[in-house]
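The structure appears below as structure tokens.
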Amino acid sequence: MEYIYRYILGHLPIEPRPQRAGLHLLDAQEQAELRRLRHLAMALGFCVSLVSNALLFAVYYAFPQFFPIWQVTLPLVEVTLGLEPIFWAWIGLVVVIELLLLVLLNLYSVHRVAVVTGFIHAGNREEQTTQVLEVALQVPARELSNYGIDPYQDVNRLGLFIFNSILRLKGTIAHRMLRMLLLRMLGRSALRLILDLSGVPVYGTINALGARRMQREAQVLILGRAVLHQIQPLIPAGPLDAAGEELLYDTLQYIAISKRDYHHNHLLLTKMLLEHYGVTVRERHWLQPGFEQRLCAAPHVQRQLALLIIILGFIFDGKISWRERQRIAALRRAGLLHEDVAQLQHLTQVFLDGKGVDVLLATYLPNAPLNPAHQCRPQTDQNEHPQ
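Count along the sequence shown from 1, then add 12; that gives the number in our numbering.
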């Protein structure tokens with residue numbers, strides 16, 4: 013299938029656009045184009061669900077002779093069940109077609125984001141196709157664990173599995189609830205067709221929101237790669253001493269715990285920093301309590317770099333979560349961070365709008381003057397630990 017996806021990406025049109033040196037900053041026209049693309053992707057995602065459900069049940073009700081019901085009697089309990097194996101096979105075929113259409117929509121959406129943001133153009137299509145394909149297929153960034161980073165430190169794995177399973181079944185659960193509501197409203201005499209088609213708005217909405225999330229995530233990932241490419245030559249030269257390496261690993265694990273997820277931008281940030289400083293990859297690195305105190309005690313250059321990494325890690329997935337809000341509050345209480353939640357949300361939107369992170373670079377890179385607001389305060393709670 014990857015060959016087919018590459019072939020499709022290789023034949024999607026790329027219109028000529030002016031090439032800019034350095035980081036490609038999006039202008040108002042390009043931002044508007046991305047918004048139109050988001051609306052188009054949502055509409056097409058909903059239509060895919062609408063057409064697939066219409067095809068599924070139109071054929072089923074128009075040609076009932078092709079979908080016989082097989083009566084099967086269970087031994088011992090003598091219970092008779094009506095099975096429709098051909099109908100279930102038909103459902104499987106329609107679902108496969110729907111998934112392929114959604115993958116094609118993802119490929120188109122990610123490709124357009126890459127073109128509009130200047131990430132891909134006619135001159136570099138060949139070498140950038142692999143990265144665009146990675147974004148489109150959304151392969152989980154579990155390679156992060158190869159660097160000893162674990163976003164699920166201290167998390168109950170069984171509870172995490174149950175929570176993720178419920179999230180994956182949200183469409184089915186919502187459909188069942190809607191069926192129950194229709195039965196209550198219409199009674200047992202409700203047509204089966206109405207109940208069957210009741211899932212159309214549910215799955216259509218899920219597909220539309222999924223397409224919107226994909227387009228936004230593509231924008232986040234592609235802009236993140238561009239920003240990392242801009243930052244790489246500007247970060248302080250190495251090597252780091254043992255304490256500096258420990259602080260760097262602590263900082264990367266601090267971000268991961270705040271995310272509670274594997275994210276490609278965090279993976280790329282981790283790889284870039286560990287390779288830049290020649291840090292030996294660890295099998296596992298868990299964050300110990302007292303991170304803010306250790307950060308306060310670090311040399312100014314290392315502390316500023318760690319704060320820059322933290323802020324980038326927070327904004328690099330395109331949103332500030334409630335857990336990250338807690339981290340921001342803790343860093344501000346320690347006198348380490350001047351920016352508040354509102355300012356970081358603004359920086360996140362600036363990043364999403366493709367306007368770069370020049371303000372952060374000017375504030376936190378080594379040649380930036382010492383900000384008097386970034387003065388550590390003594391901490392009274394020595395047992396603070398990320399949750």
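Every residue gets a Cβ at the ideal spot worked out from N, C-alpha and C, and that includes glycine.
C-alpha gap between residue i and residue j, whole angstroms
{"i": "I327", "j": "A101", "result": "44 Å"}
{"i": "T392", "j": "L112", "result": "Reliability fails at T392, whose pLDDT of 47 lies under 50, so the model's placement of it is uncertain and the value that follows must be treated cautiously. One C-alpha to the other measures close to 56 Å."}
{"i": "H51", "j": "A310", "result": "47 Å"}
{"i": "V84", "j": "I98", "result": "15 Å"}
{"i": "R294", "j": "E229", "result": "29 Å"}
{"i": "G368", "j": "G302", "result": "32 Å"}
{"i": "P28", "j": "G256", "result": "46 Å"}
{"i": "F75", "j": "H23", "result": "39 Å"}
{"i": "W298", "j": "S270", "result": "13 Å"}
{"i": "L172", "j": "A134", "result": "Residue confidence is low: L172 scores 48 on pLDDT, short of 50, so the model does not pin down where it sits. Its coordinate-derived value is still stated next. Straight-line Cα distance between these residues: approximately 44 Å."}
{"i": "L86", "j": "I103", "result": "24 Å"}
{"i": "Y17", "j": "V91", "result": "48 Å"}
{"i": "T237", "j": "F363", "result": "What sits at residue 237 in the sequence shown is Arg, not Thr. When rounded, the distance between both Cα atoms is 12 Å."}
{"i": "V125", "j": "P80", "result": "47 Å"}
{"i": "L221", "j": "L88", "result": "47 Å"}
{"i": "V353", "j": "A223", "result": "28 Å"}
{"i": "R335", "j": "H288", "result": "29 Å"}
{"i": "A148", "j": "L93", "result": "42 Å"}
{"i": "I234", "j": "N136", "result": "15 Å"}
{"i": "H358", "j": "P163", "result": "25 Å"}
{"i": "M445", "j": "Q265", "result": "This structure gives no information on residue 445, because the portion of the chain shown stretches from 13 to 399."}
{"i": "V115", "j": "A254", "result": "46 Å"}
{"i": "Q338", "j": "I332", "result": "10 Å"}
{"i": "L373", "j": "L320", "result": "8 Å"}
{"i": "Q12", "j": "Y72", "result": "With the chain running from 13 to 399 in the structure shown, residue 12 is simply not present."}
{"i": "L10", "j": "E258", "result": "For the chain, the structure presents residues 13 to 399; residue 10 sits outside this window and is missing."}
{"i": "L56", "j": "M226", "result": "13 Å"}
{"i": "Y215", "j": "F58", "result": "8 Å"}
{"i": "Q355", "j": "G330", "result": "14 Å"}
{"i": "L38", "j": "G250", "result": "33 Å"}
{"i": "I340", "j": "E14", "result": "41 Å"}
{"i": "L246", "j": "T292", "result": "22 Å"}
{"i": "L348", "j": "I267", "result": "15 Å"}
DSSP-derived helix/strand/coil call for residue i
{"i": "T85", "result": "strand"}
{"i": "G94", "result": "strand"}
{"i": "K367", "result": "coil"}
{"i": "W102", "result": "helix"}
{"i": "Y274", "result": "coil"}
{"i": "L37", "result": "coil"}
{"i": "L285", "result": "helix"}
{"i": "P301", "result": "coil"}
{"i": "I26", "result": "coil"}
{"i": "Q394", "result": "Low per-residue confidence applies at Q394: pLDDT is 41, beneath 50, and the placement is therefore not dependable, though the value from the model is reported in the following sentence. DSSP places Q394 in coil when its eight states are reduced to three."}
{"i": "A148", "result": "helix"}
{"i": "L68", "result": "helix"}
{"i": "R315", "result": "helix"}
{"i": "S201", "result": "Bear in mind that a pLDDT of 46 at S201, under 50, signals an unreliable position, so the model cannot answer this."}
{"i": "V293", "result": "coil"}
{"i": "L172", "result": "Unreliable positioning characterises L172 in this predicted model, as indicated by a pLDDT of 48, which lies under 50. The coordinate reading is nonetheless provided below. Looking at L172 - three-state DSSP - the assignment turns out to be helix."}
{"i": "D329", "result": "coil"}
{"i": "P76", "result": "helix"}
{"i": "F58", "result": "helix"}
{"i": "P213", "result": "helix"}
{"i": "T141", "result": "helix"}
{"i": "L7", "result": "This structure does not reach residue 7, given that the chain is present from 13 up to 399, and the question cannot be answered."}
{"i": "G160", "result": "coil"}
{"i": "V125", "result": "helix"}
{"i": "D262", "result": "helix"}
{"i": "G130", "result": "coil"}
{"i": "H241", "result": "helix"}
Proximal residues to residue i (C-beta, below 7 Å), its chain only, five neighbours per side dropped
{"i": "L240", "result": "L280, L281 and M284"}
{"i": "V212", "result": "S61, L62 and N65"}
{"i": "R21", "result": "Here the sequence assigns Leu to residue 21, which means Arg is not the residue at that position. Contacts found: L119, H123, T141, V144 and L145."}
{"i": "E96", "result": "F79 and I81"}
Terminal residues of the alpha helix (DSSP H) in which residue i lies
{"i": "A249", "result": "Run containing A249: none; DSSP gives neither H nor E here."}
{"i": "G135", "result": "That residue, G135, is in no alpha helix (DSSP H); it is neither H nor E in DSSP."}
{"i": "L343", "result": "W334 to R345"}
6 Å Cβ shell around residue i - same chain, five flanking residues per side excluded
{"i": "L2", "result": "For residue 2 there is no data in the structure shown, the boundaries of the chain being 13 and 399."}
{"i": "G160", "result": "R294, E295, R296 and H297"}
{"i": "Q316", "result": "Y376"}
{"i": "R272", "result": "P163"}
Nearest-angstrom beta carbon gap, residue j and residue i [assumed within contact, 8 Å]
{"i": "L46", "j": "V128", "result": "6 Å"}
{"i": "G366", "j": "Q41", "result": "So it is not a contact: roughly 12 Å between Cβ atoms."}
{"i": "N277", "j": "V313", "result": "Their Cβ separation, rounded to whole angstroms, is 24 Å, which puts N277 and V313 out of contact at 8 Å."}
{"i": "L49", "j": "V106", "result": "At roughly 27 Å, the Cβ-Cβ gap does not stay under 8 Å, so L49 and V106 are not in contact."}
{"i": "I322", "j": "T263", "result": "6 Å"}
{"i": "I132", "j": "I26", "result": "7 Å"}
Contact test: residue i Cβ vs the ligand GTP heavy atom, cutoff 7 Å
{"i": "L117", "result": "In terms of ligand content, the structure shown is empty, and the ligand GTP therefore cannot be addressed."}
Chain-order list of residues whose beta-carbon lies under 8 Å from that of residue i (same chain, five-residue window excluded)
{"i": "Q244", "result": "M284 and H288"}
Cβ of residue i within 8 Å of any chain D Cβ
{"i": "T217", "result": "Note that chain D does not occur in the displayed structure, where there is just one protein chain."}
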